[in-house]
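As they're listed, the protein sequences go chains A and B.
The number in the working numbering is simply the position in the first sequence, starting from 1, with 24 added.
The number in the working numbering is simply the position in the second sequence, starting from 1, with 24 added.
As structure tokens, the structure follows; a few thoughts come after it.
There are 2 protein chains.
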Amino acid sequence: MSEFLFFHPNLEFKSITLPEEESKHLIKVLRKAKGEQIRIMDGQGNLALAIIRNDHPKKCELEIISIEAQVSARNYRLRLAIAPTKNNDRMEWMLEKCIEIGLDELYFIETKNSERSRLNLERLEKIAISALKQSKQFKLPILGEIQKLDSFFKLQQTWNCERFIAWVETEKNEGLLKHLQSNLNSPADILVLIGPEGDFTPDEVQLAIENHFKPVSLGRTILRTETAAIQSASWVSAFYNS
Amino acid sequence: MSEFLFFHPNLEFKSITLPEEESKHLIKVLRKAKGEQIRIMDGQGNLALAIIRNDHPKKCELEIISIEAQVSARNYRLRLAIAPTKNNDRMEWMLEKCIEIGLDELYFIETKNSERSRLNLERLEKIAISALKQSKQFKLPILGEIQKLDSFFKLQQTWNCERFIAWVETEKNEGLLKHLQSNLNSPADILVLIGPEGDFTPDEVQLAIENHFKPVSLGRTILRTETAAIQSASWVSAFYNS
Numbered sequence: 025m026s027e028f029l030f031f032h033p034n035l036e037f038k039s040i041t042l043p044e045e046e047s048k049h050l051i052k053v054l055r056k057a058k059g060e061q062i063r064i065m066d067g068q069g070n071l072a073l074a075i076i077r078n079d080h081p082k083k084c085e086l087e088i089i090s091i092e093a094q095v096s097a098r099n100y101r102l103r104l105a106i107a108p109t110k111n112n113d114r115m116e117w118m119l120e121k122c123i124e125i126g127l128d129e130l131y132f133i134e135t136k137n138s139e140r141s142r143l144n145l146e147r148l149e150k151i152a153i154s155a156l157k158q159s160k161q162f163k164l165p166i167l168g169e170i171q172k173l174d175s176f177f178k179l180q181q182t183w184n185c186e187r188f189i190a191w192v193e194t195e196k197n198e199g200l201l202k203h204l205q206s207n208l209n210s211p212a213d214i215l216v217l218i219g220p221e222g223d224f225t226p227d228e229v230q231l232a233i234e235n236h237f238k239p240v241s242l243g244r245t246i247l248r249t250e251t252a253a254i255q256s257a258s259w260v261s262a263f264y265n266s
Numbered sequence: 025m026s027e028f029l030f031f032h033p034n035l036e037f038k039s040i041t042l043p044e045e046e047s048k049h050l051i052k053v054l055r056k057a058k059g060e061q062i063r064i065m066d067g068q069g070n071l072a073l074a075i076i077r078n079d080h081p082k083k084c085e086l087e088i089i090s091i092e093a094q095v096s097a098r099n100y101r102l103r104l105a106i107a108p109t110k111n112n113d114r115m116e117w118m119l120e121k122c123i124e125i126g127l128d129e130l131y132f133i134e135t136k137n138s139e140r141s142r143l144n145l146e147r148l149e150k151i152a153i154s155a156l157k158q159s160k161q162f163k164l165p166i167l168g169e170i171q172k173l174d175s176f177f178k179l180q181q182t183w184n185c186e187r188f189i190a191w192v193e194t195e196k197n198e199g200l201l202k203h204l205q206s207n208l209n210s211p212a213d214i215l216v217l218i219g220p221e222g223d224f225t226p227d228e229v230q231l232a233i234e235n236h237f238k239p240v241s242l243g244r245t246i247l248r249t250e251t252a253a254i255q256s257a258s259w260v261s262a263f264y265n266s
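Right, here's the structure in full:
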């Protein structure tokens, strides 16, 4: 059976048709044929075994044989909210790396110093699916449409999570990892807010603090926006994995 | 004074000439002129204040006014040894991110399953200098020419450091961070060996163990080679920064 993992958003039906790109990859690139078995995931934590019933290179038909539950769910939930960088590549790399390391929800925020207010979420979702397959995980992170910081603050109010804000002026603050380590009652649900290259304004930081975000440091060096996101994912994974 | 940092490998002389690219950036892009002051670093930990004496756009002449010591040296030393990925971009991103987070020495190794045995070190050095400037650090990491794993094992024998090997079959192993935390006598000098996408062979792992490398895990997910390097840098930085 191919080690390669396929994607279809809905595995509830007994019979499904793969989208064109996935069909092409399966039949043309991997040269699989009718009767062969593959693994497929729905991005919601389900992994299924399927058999190729019609090896059409554009609309390959599969029959779902059995659904296997997600094998190893993470023991924590990480949500990041980030002001996207001007350079799109940096966001794409960040998403790929954060998914490999462990990420559940990613929100894009528009702040005063933001350099970008539009995003191609469809492309980001493709990257997310590919990173998921690559790292053998089965749950697609939520990708939120870009929204103003105000509206994000409203959205997150009902979440039962520990909130942190990382921004450049935080060298004096306690490190994110240290904070997690010194709070035994930390819920395993973490939200980290990351500013743009031009940083949050003092007003935005104040607003975050009023919304129960704790200022934390991500180390002594100056990190680019996307590196701050990766560092957050990595430090949180270090805490919950060790 | 420009916030931008310039680079010249030798600040010992009172008068220096910037290389063509740096000259062009200073005079043509930033439009600095004779008499203006800039900051310049040598990549060895020295930061100097300099004045433009001749604003030639290809060979700008500077006079060094004063040398300031490196302000905030790291409290640990991190050395990574990695089997380069097939895709060069991934190595370049990894280098940029690791430098931002904190990296002192990077060695490239050729293993049985390596996908690349040649590297453009000159280009990597340019990326390193740029990442250094961006993150306001002043010490250029050592970048080692690609070498066979055997010869790397010989090279590192005299180093006084804690040695780790991270490879895919290490899920059962203790996490790198946990290992650092449970060893109070760990020296602040860490070497992490990272394998290729195809992983180390059992023989290579055995050789590493004979060379006093401890097998450690970098978490429960499957990381790409470059992500394993970033995760290592990030976890080590989390430990020494908190």
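Every residue, glycine too, gets a C-beta built ideally from N, C-alpha and C.
With distances taken Cα to Cα, identify the nearest neighbour of Ser159 (chain A) among A:Arg77, A:Tyr264, A:Gly126 and A:Leu130. Residue 159 (chain A) sits at position 135 when you count from the first residue of the first sequence. Checked all of A:Arg77, A:Tyr264, A:Gly126 and A:Leu130; the closest Cα to Ser159 (chain A) is A:Gly126.
If we cut at 7 Å on Cβ distances, does Trp244 (chain B) have a partner in chain A? For the purposes of this step, residue 244 (chain B) is identified with residue 220 of the second sequence, where counting begins at 1. For clarity, residue 244 (chain B) is Arg in the given sequence; the question names Trp instead. Answer yes: the Cβ-Cβ gap between Arg244 (chain B) and chain A drops below 7 Å somewhere.
Could you have a look at Arg142 (chain B) and say whether DSSP puts it in helix, strand or coil? The count along the second sequence starts at 1 and reaches residue 142 (chain B) at position 118. Reduced to three states, the DSSP call for Arg142 (chain B) is coil.
Given this structure, state the Cα-to-Cα distance separating Ile106 (chain A) from Glu36 (chain B), to the nearest angstrom. Residue numbering aside, residue 106 (chain A) sits at position 82 when the first sequence is read from its first letter. Residue numbering aside, residue 36 (chain B) sits at position 12 when the second sequence is read from its first letter. Cα to Cα, the separation comes out at about 43 Å.
From this set, A:Asp223, A:Ser206 and A:Glu234, which residue's C-alpha is nearest Lys178 (chain A)'s C-alpha? By one-based count along the first sequence, residue 178 (chain A) stands at place 154. Closest by alpha carbon: A:Glu234.
Does DSSP put Pro239 (chain A) in a helix, a strand or coil? Numbered from its first residue, the first sequence carries residue 239 (chain A) at position 215. Note: Pro239 (chain A) maps to strand in three-state DSSP.
By the three-class DSSP mapping on this structure, what secondary structure does Leu201 (chain A) have? Within the first sequence, residue 201 (chain A) is the residue found at index 177, counting from 1. The answer is helix: DSSP assigns Leu201 (chain A) an H, G or I state.
Under 7 Å Cβ to Cβ from Leu143 (chain A), same chain only, skipping five residues before and after it: list those, please. Residue 143 (chain A) sits at position 119 when you count from the first residue of the first sequence. Result list for Leu143 (chain A): Pro108, Phe132 and Ile170, in chain order.
Tell me the rounded alpha-carbon separation between Ser26 (chain B) and Glu46 (chain B). Counting from one through the second sequence, the residue named residue 26 (chain B) turns up at place 2. Counting from one through the second sequence, the residue named residue 46 (chain B) turns up at place 22. Note that Ser26 (chain B) scores 45 on pLDDT, short of 50, meaning its location in the model is unreliable and no value can be drawn from it.
Can the beta-carbon of Ala57 (chain A) be found less than 7 Å from the beta-carbon of Ile64 (chain A)? Within the first sequence, the letter at position 33 stands for residue 57 (chain A). Within the first sequence, the letter at position 40 stands for residue 64 (chain A). Cβ atoms of Ala57 (chain A) and Ile64 (chain A): not closer than 7 Å.
Establish whether the CB of Met25 (chain A) and some CB of chain B are separated by less than 7 Å. Sequence index remark: in the first sequence, residue 25 (chain A) carries index 1 (1-based). The pLDDT assigned to Met25 (chain A) is 47, lower than 50, so where the model puts this residue is not dependable; a value taken from the coordinates is nonetheless given after this. Closer than 7 Å: no.
Could you give the residue range of the beta strand (DSSP E) that holds Arg77 (chain B)? Walking along the second sequence from the start, residue 77 (chain B) turns up at place 53. It spans Leu71 to Asn78 - the beta strand (DSSP E) in which Arg77 (chain B) sits, taken as one unbroken run.
Please list, in chain order, the chain A residues whose beta carbon lies closer than 7 Å to that of Trp117 (chain B). Your numbering for residue 117 (chain B) matches position 93 in the second sequence. Simply Trp117.
Inter-residue spacing [alpha-carbon to alpha-carbon] between Gln87 (chain A) and Pro43 (chain A): Along the first sequence, read from residue 1 onward, the residue named residue 87 (chain A) stands at position 63. Along the first sequence, read from residue 1 onward, the residue named residue 43 (chain A) stands at position 19. Correcting the residue type first, residue 87 (chain A) is Glu in the shown sequence and not Gln. Their backbone Cα atoms lie some 14 Å apart in a straight line.
Assuming Ile166 (chain B) is part of the beta strand (DSSP E), what are its boundary residues? The residue you call residue 166 (chain B) lines up with position 142 of the second sequence. From DSSP, the beta strand (DSSP E) with Ile166 (chain B) extends over Ile166 to Lys172.
Using a C-beta to C-beta distance shorter than 7 Å, which residues of chain A count as neighbours of Gln255 (chain B)? Against the second sequence, residue 255 (chain B) aligns to sequence position 231. By Cβ distance, chain A contributes Ile125 and Ser258.
By DSSP's criteria, Ala190 (chain B) is part of a beta bridge. Which residues make up the other side? Position 166 of the second sequence, counting from 1, holds the residue named residue 190 (chain B). Answer is B:Ile218 and B:Val240.
With a threshold of 7 Å between beta carbons, is Gly182 (chain A) in contact with chain B? Along the first sequence, read from residue 1 onward, the residue named residue 182 (chain A) stands at position 158. According to the sequence as given, residue 182 (chain A) is Thr; it is not Gly. Thr182 (chain A) does not count as touching chain B.
N- and C-terminal bounds of the alpha helix (DSSP H) containing Gln255 (chain A): Residue 255 (chain A) sits at position 231 when you count from the first residue of the first sequence. Thr249 to Asn265 is the extent of the alpha helix (DSSP H) around Gln255 (chain A).
Give me the residue from B:Ala74, B:His236 and B:Asp79 with the minimum Cα distance to Ser90 (chain B). Position 66 of the second sequence holds residue 90 (chain B). Of B:Ala74, B:His236 and B:Asp79, the residue nearest in Cα terms is B:Ala74.
Where Phe28 (chain A) falls: helix, strand or coil (DSSP): What you label residue 28 (chain A) is simply residue 4 of the first sequence in a count that begins at 1. The answer is coil: DSSP assigns Phe28 (chain A) none of H, G, I, E or B.
Considering Ile89 (chain B), what are the terminal residues of the beta strand (DSSP E) in which it resides? Here residue 89 (chain B) corresponds to residue number 65 of the second sequence, with the count starting at 1. Run containing Ile89 (chain B): Glu85 to Glu92, per the beta strand (DSSP E) assignment.
Report the residues of the stretch 41–72 of chain A with a CB closer than 7 Å to any CB of chain B, ordered along the chain. none
If you compare alpha carbons, which of B:Glu198, B:Ala212, B:Glu60 and B:Lys48 is closest to Asp128 (chain B)? Taking the first residue of the second sequence as 1, we reach residue 128 (chain B) at position 104. Closest by alpha carbon: B:Ala212.
Through-space distance from Trp117 (chain B) to Ile254 (chain A), alpha-carbon basis: The residue labelled residue 254 (chain A) in the question sits at position 230 within the first sequence. The residue labelled residue 117 (chain B) in the question sits at position 93 within the second sequence. Going from the Cα of Ile254 (chain A) to the Cα of Trp117 (chain B) covers about 12 Å.
Got a sec, what are the start and stop residues for the alpha helix (DSSP H) Ser47 (chain A) sits in? Along the first sequence, read from residue 1 onward, the residue named residue 47 (chain A) stands at position 23. Glu44 to Lys48 is the extent of the alpha helix (DSSP H) around Ser47 (chain A).
Please state if the CB of Leu215 (chain A) and the CB of Cys185 (chain A) are separated by a distance shorter than 7 Å. In the first sequence, residue 185 (chain A) corresponds to position 161, counting from 1. In the first sequence, residue 215 (chain A) corresponds to position 191, counting from 1. Cβ atoms of Cys185 (chain A) and Leu215 (chain A): closer than 7 Å.
So for Arg55 (chain B), helix, strand or coil by DSSP? Stepping through the second sequence from its first residue, residue 55 (chain B) is reached at position 31. Coil.
With a threshold of 8 Å on Cβ separation, who are the neighbours of Arg101 (chain A) within its own chain once the five nearest residues in sequence on each side are excluded? For the purposes of this step, residue 101 (chain A) is identified with residue 77 of the first sequence, where counting begins at 1. Around Arg101 (chain A): Asp128, Glu129, Cys185, Ala212, Asp213 and Ile214.
In terms of residues, what are the limits of the beta strand (DSSP E) holding Ile133 (chain A)? Locating residue 133 (chain A) in the first sequence gives position 109, counting from the first residue. First-last of the beta strand (DSSP E) with Ile133 (chain A): Glu129 to Glu134.
Any idea if Gln230 (chain B) is buried or exposed, counting beta-carbon neighbours within 10 angstroms, 16 or more meaning buried? Translated into positions along the second sequence, residue 230 (chain B) becomes position 206. It counts as exposed.
Taking 6 Å as the limit between beta carbons, can you name the residues of its chain near Lys238 (chain A), skipping five residues before and five after? In the first sequence, the residue the question calls residue 238 (chain A) occupies position 214. Counting only Cβ-Cβ distances below 6 Å, and skipping sequence neighbours, we find Phe188.
Suppose you measure from the CA of Phe224 (chain B) to the CA of His32 (chain B); what does that come to, to the nearest Å? Along the second sequence, one-based indexing puts residue 224 (chain B) at 200. Along the second sequence, one-based indexing puts residue 32 (chain B) at 8. Phe224 (chain B) and His32 (chain B): Cα-Cα distance of roughly 39 Å.
Under 8 Å by beta carbon: chain B residues contacting Leu247 (chain A): Looking up residue 247 (chain A) in the first sequence gives position 223. Result: Glu124, Ile125 and Ser159.
Going by beta carbon distance, what residues of the same chain come within less than 7 Å of Lys38 (chain B), once the five residues before and after it are set aside? Taking the first residue of the second sequence as position 1, residue 38 (chain B) is located at position 14. Cβ neighbours of Lys38 (chain B) beyond the five flanking positions: Glu87 and Ile88.
Compare the C-beta of Lys121 (chain A) with all C-beta atoms of chain B and state if any pair is closer than 7 Å. Here residue 121 (chain A) refers to the residue found at position 97 when the first sequence is read from its first residue. True, the Cβ-Cβ gap to chain B drops below 7 Å.
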